[in-house]
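One structure is given below, encoded as structure tokens.
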Amino acid sequence: MSDIAKLVINGQEYEFPVKVGTENEIAIDIKSLRAATNGVITIDSGFKNTGSCESKITFLDGEKGILRHRGYAIEDLTKKAGFLEVAYLVIFGELPTKEQFSKWEADIKRHSLLNEEMKNIIDGFPKKAHPMGMLSSLTSALTAFNPATVDINSEEQVYGAITTLMGKFPVIAAWAHSKNQGLPLNYANNSMGYIENIMQLMFRIPTEPYEMNPIAVKALDELLILHEDHEQNCSTSTVRIVGSSEAGLFASVSGGVSALWGRLHGGANQAVLEMLKDIQDDGGDVEKYINKAKDKNDPFRLMGFGHRVYKNFDPRARIIKNAADELFADLGTNDPVLEIAKHLEEVALSDPYFAEKKLYPNVDFYSGIIYRALGFPVEMFTVMCAIGRLPGWIAQWKEMRLNHEPIGRPRQLYTGEPLRAFKEFDER
Ligand code: CMC
Numbered sequence: 436m437s438d439i440a441k442l443v444i445n446g447q448e449y450e451f452p453v454k455v456g457t458e459n460e461i462a463i464d465i466k467s468l469r470a471a472t473n474g475v476i477t478i479d480s481g482f483k484n485t486g487s488c489e490s491k492i493t494f495l496d497g498e499k500g501i502l503r504h505r506g507y508a509i510e511d512l513t514k515k516a517g518f519l520e521v522a523y524l525v526i527f528g529e530l531p532t533k534e535q536f537s538k539w540e541a542d543i544k545r546h547s548l549l550n551e552e553m554k555n556i557i558d559g560f561p562k563k564a565h566p567m568g569m570l571s572s573l574t575s576a577l578t579a580f581n582p583a584t585v586d587i588n589s590e591e592q593v594y595g596a597i598t599t600l601m602g603k604f605p606v607i608a609a610w611a612h613s614k615n616q617g618l619p620l621n622y623a624n625n626s627m628g629y630i631e632n633i634m635q636l637m638f639r640i641p642t643e644p645y646e647m648n649p650i651a652v653k654a655l656d657e658l659l660i661l662h663e664d665h666e667q668n669c670s671t672s673t674v675r676i677v678g679s680s681e682a683g684l685f686a687s688v689s690g691g692v693s694a695l696w697g698r699l700h701g702g703a704n705q706a707v708l709e710m711l712k713d714i715q716d717d718g719g720d721v722e723k724y725i726n727k728a729k730d731k732n733d734p735f736r737l738m739g740f741g742h743r744v745y746k747n748f749d750p751r752a753r754i755i756k757n758a759a760d761e762l763f764a765d766l767g768t769n770d771p772v773l774e775i776a777k778h779l780e781e782v783a784l785s786d787p788y789f790a791e792k793k794l795y796p797n798v799d800f801y802s803g804i805i806y807r808a809l810g811f812p813v814e815m816f817t818v819m820c821a822i823g824r825l826p827g828w829i830a831q832w833k834e835m836r837l838n839h840e841p842i843g844r845p846r847q848l849y850t851g852e853p854l855r856a857f858k859e860f861d862e863r
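Residue numbers (this note's numbering): 436 to 863.
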């Protein structure tokens, strides 16, 4: 492979350096394109071919179905580590020692109390406000309660902002849930682990003792690890681009939450469950929905299928499917929606349309079924995904700032009207 790429424009040849990543990924560095060519740009709608940065956090190979954080396989991380341990790895680059982990966990817990005035903001939302909207607003509101700007060159200040957000984010998420349910807002219990705390924050009610189900805790831990980072996806790119203007961490993550909300991204887990329920209510006719998804004149898409990067299988989907089976066996529950999902997957995978377009179940195909078994209402599914993704957003924000990346500001190809004479009202 040559280390130079050549581009010919109007008979003139230009050369650009070729960069090679750790896993032999190849990128043409076009940094000098505009300057060298007197204004030529590239167009790549949806950034399907554009690398926005160099990153040391996550490697994924969509053809081979590989996902690794800081060099560690996702299969190992879900089996052998806990959520906060992987969060430390993703954010700081190495698995923590026992001492580092104890300090990390304690520092996060120290920040698990929200300012009581946050309750005034919660009060202002209508009861049925979508929890993703509340999560995004309240994450942004953290800026008002923690107005000090973070000096990116101060390790201590950056660490403080990170532990603050890691501590407060699940509490905000739980308060959004409680608001929806008309329940009192719970406080964190710092004698519990991070995942146990999420469960009690969400589900403990004051009238009854809360019994922690270790099976549920294990399943949630695994599910959240699977979501921790996924390199330059829509919400992460949003966090990086918001942060590139030197907006703070909380404001940047709030932008990420909004980006995650859409049903083509994290919102797919809610959309999958709604789709499965529709199929169930419609008599379970899976083939009918497969045909709808294949019909170009029908806007219906098989939610939880397809991925921008994975074109073989999504390794997270494999792990989740097994986790769903284990959880249902352990809890002894039986959800007919799981059977519909499995049938739908089977029919889709044997259909040439999906094979030709390389459409496979993604992480969200089974995640909603697990959240439902754990007791979360559908509106909370994407919120849970956000809790899982938080360490990735933080790691990517930190990496972007420490690399002193320039402000994110793409170009465009203008295709509107050329200069024209202004028309007065009576001429229009
Ligand atoms: N059902 C039916 N057809 C589909 C689907 C689907 N779920 N996904 C893609 N296609 C077709 C699409 O119509 C297009 O066909 P054609 O080439 O004939 O025009 C072709 O496959 C390529 O699709 P695309 O939309 O150009 O691919 P993309 O990379 O821009 O979109 C995607 C990726 C994930 C947005 C898309 O597959 C999709 O909408 N899936 C359903 C939503 C979903 O499950 N999203 C969660 C993604 S995983 C969680 C995360 O990381 O956020």
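By construction, the Cβ of each residue, glycine as well, lies at the ideal position given by its N, Cα and C atoms.
Say the cut is 7 Å; is the CB of arginine 753 nearer than that to a heavy atom of the ligand CMC? By 1-based counting over the sequence shown, the position of residue 753 is 318. Not so, every heavy atom of the ligand CMC lies at least 7 Å from the Cβ.
Secondary structure of glutamate 774, DSSP reduced to three states: The residue labelled residue 774 in the question sits at position 339 within the sequence shown. It is helical.
Taking 8 Å as the threshold, find out whether the stretch 675–690 comes into contact with the stretch 560–578 through three or more Cβ pairs. yes
Please state if the CB of tyrosine 745 and the CB of asparagine 797 are separated by a distance shorter than 8 Å. Start at 1 with the first residue of the sequence shown, and residue 797 comes out as number 362. Start at 1 with the first residue of the sequence shown, and residue 745 comes out as number 310. Yes, these two residues count as a Cβ contact at 8 Å.
Counterpart residues of leucine 507 in DSSP-defined beta bridges: The residue given as residue 507 occupies position 72 in the sequence shown. According to the sequence provided, residue 507 is tyrosine. The question's leucine does not apply to it. Paired residue(s): His504.
Using a threshold of 8 Å, state whether the C-beta atoms of isoleucine 829 and alanine 608 are closer than that. For the purposes of this step, residue 829 is identified with residue 394 of the sequence shown, where counting begins at 1. For the purposes of this step, residue 608 is identified with residue 173 of the sequence shown, where counting begins at 1. No, these two residues do not count as a Cβ contact at 8 Å.
In three-state DSSP terms, what is glutamine 616? Counting from one through the sequence shown, the residue named residue 616 turns up at place 181. Looking at glutamine 616 - three-state DSSP - the assignment turns out to be helix.
Compute the minimum distance between the beta carbon of leucine 711 and the heavy atoms of the ligand CMC, and state whether it is under 7 Å. Looking up residue 711 in the sequence shown gives position 276. Checking every heavy atom of the ligand CMC against the Cβ of leucine 711, none is found closer than 7 Å.
Same chain, Cβ closer than 6 Å to arginine 675, five either side skipped, listed in chain order: As a working mapping, residue 675 is identified with position 240 in the sequence shown. Result list for arginine 675: Gln831 and Met835, in chain order.
Hey, quick one: how far does the beta strand (DSSP E) through lysine 441 stretch, first residue to last? In the sequence shown, counting from the first residue as 1, residue 441 sits at position 6. Looking at the DSSP string, the run of the beta strand (DSSP E) that includes lysine 441 is 439–444.
According to DSSP, residues forming a beta bridge with leucine 495: As a working note, residue 495 is residue 60 in the sequence shown. In DSSP, leucine 495 forms a bridge with Leu502.
Taking all protein chains shown into account, do 16 or more other C-beta atoms lie within 10 angstroms of the C-beta of aspartate 511, making it buried, or fewer, making it exposed? If you number the sequence shown from 1, residue 511 lands on position 76. By the neighbour-count rule (16 or more Cβ atoms within 10 Å), aspartate 511 is not buried but exposed.
Check whether the Cβ of lysine 792 sits closer than 7 Å to any heavy atom of the ligand CMC, and report yes or no. As a first step, residue 792 must be located in the sequence shown, where it is residue number 357. Yes - the ligand CMC has a heavy atom lying nearer than 7 Å to the Cβ of lysine 792.
Does the beta carbon of valine 798 fall short of 7 Å from some heavy atom of the ligand CMC? What you label residue 798 is simply residue 363 of the sequence shown in a count that begins at 1. Valine 798: yes, Cβ under 7 Å from the ligand CMC.
Would the beta-carbon of leucine 699 be found less than 7 Å away from any heavy atom of the ligand CMC? As a first step, residue 699 is located in the sequence shown; it is residue number 264 there, counting from the start. Checking every heavy atom of the ligand CMC against the Cβ of leucine 699, one is found closer than 7 Å.
Same chain, Cβ closer than 6 Å to glycine 497, neighbours up to 5 away in sequence not counted: To locate residue 497, count along the sequence shown from 1; it is residue 62. Cβ within range, chain order: Val744, Tyr745 and Lys746.
When we look at the beta-carbon of lysine 388 and count the other beta-carbons within 10 Å, is it buried (16 or more) or exposed? Any question about residue 388 goes unanswered here, given that the chain covers just 436 to 863.
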